[in-house]
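Terminal number for the sequence shown in this note's numbering: 250, no gaps in between.
Note sheet for the following structure.
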Amino acid sequence: MKNKSNFGAFILVSGLISLIFIAGAGYFVLPLIYPNINEEIETETETPNILLQSKYIDITTQAILYDDEMDFVKIIDTELSITTQGNSSLAVSFSMVVLMILDASFSGILFFEFAIAINGIGNRTIPFSYSRFSATGLEQHSVDFTINYLTGIIPSGTYNIEASWHSKSDPTGSSYLKSYFSPSMGPNYTRTIWAQELRG
């Protein structure tokens, strides 16, 4: 019985020594194999952004862009101002739904660009195109899109956010985009700007 007891104690001590050795090896060896392991852990536990303020505008006035308007023009009434506290960033989202009306004689490619700009900071643009290679009569299509823009850290101040659009092609016929609000007719084609000041 004494030999069995000694053997059992030996097994237990050996197991504890092995466990300590493995733990120590993992502590010292893993950083050598995965040098960024501590950075990855720190990244996962970063503090999320704190919302300092939010502003929103829904624009319902009528806006029209014809396919021969080649220069960027402001989309009527589509702007928002926000005053920031500083040491923060702005997350801006611009959404728009338009009715695209194709002239009966239109054939070729329509190409438009939409932009959202923050004065003194920068802008973001997205393209939209539509093609029809034979004149098949008057057509109407709904088009919707969203532009998201996240700035870097910016100083305190008042920033104006403005949307614009233009055509990059002028095919046959007179096609155009239309944004409007009509409670009696529906559906409605409106546009919105949402701005959030974030810190973190």
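Glycine included, each C-beta is placed from N, C-alpha and C at the ideal position.
Which listed residue (Leu160, Phe164 and Ser184) has its alpha carbon closest to that of Asn173: Phe164
Residues in its own chain within less than 6 Å of Glu94 by CB, not counting five upstream and five downstream? Its pLDDT being 46, under 50, Glu94 is placed unreliably in this model, and the value from its coordinates should be taken loosely. Same-chain partners within the cutoff: there are none.
Quick one: Cα of Leu160 to Cα of Asn137, how far? Whole-angstrom Cα-Cα distance: 42 Å.
Looking only at its own chain, which residues have a Cβ that is under 6 Å from the Cβ of Asn198, when we skip the five neighbours before and after it? Ser143
At what residue ranges does the stretch 178-219 contain a whole run of the alpha helix (DSSP H), taking only runs of 4 or more? none
Return the CA-CA distance between Ile126 and Phe162, expressed in angstroms with no decimal places. 17 Å
Whose CA, out of Tyr230, Asn238, Tyr226 and Phe231, lies closest to the CA of Asp118? If we check each option's Cα against that of Asp118, Tyr226 comes out closest.
Beta-carbon spacing of Lys229, Tyr239 below 7 Å: Here residue 229 is Ser; the residue named in the question, Lys, does not match the sequence. Taking 7 Å as the Cβ cut-off, Ser229 and Tyr239 qualify as a contacting pair.
Going by alpha carbons, who is nearest to Glu189 out of Arg249, Ser157, Ser232 and Thr134? Answer by Cα proximity: Ser157.
Trp244 versus Ser214: straight-line alpha-carbon distance, rounded: 16 Å
Proximity to Thr242 [Cα-Cα], best of Ser219, Lys218, Glu212 and Arg249: Glu212
Among residues of its own chain, excluding the 5 on either side of Gly187, which ones have a beta-carbon nearer than 6 Å to its beta-carbon? Ala154
Of all the options Asp194, Leu200, Phe183 and Ile107, which has the alpha carbon lying nearest to the alpha carbon of Pro177? Asp194
Quick check: what's the CA-CA separation for Gln103 versus Thr133? 10 Å
Segment limits, beta strand (DSSP E) that includes Met150: Ser139 to Leu152
Leaving aside the five residues before and after Leu200 along the sequence, list all residues of the same chain whose C-beta is less than 6 Å from its C-beta, in chain order. Ala141
How should Thr128 be labelled, buried or exposed, when 16 other C-beta atoms within 10 angstroms of its C-beta is the threshold for buried? buried
Starting from the Cα of His216, find the closest Cα among Tyr180, Gly207, Phe231 and Met120 and give me that residue. Met120
Give me the Cα-Cα distance between Ala75 and Ile166, rounded to the nearest whole angstrom. At Ala75 the pLDDT is 46, less than 50, meaning the model places this residue with poor confidence; the figure from the coordinates comes in the next sentence. Cα-Cα distance, rounded: 54 Å.
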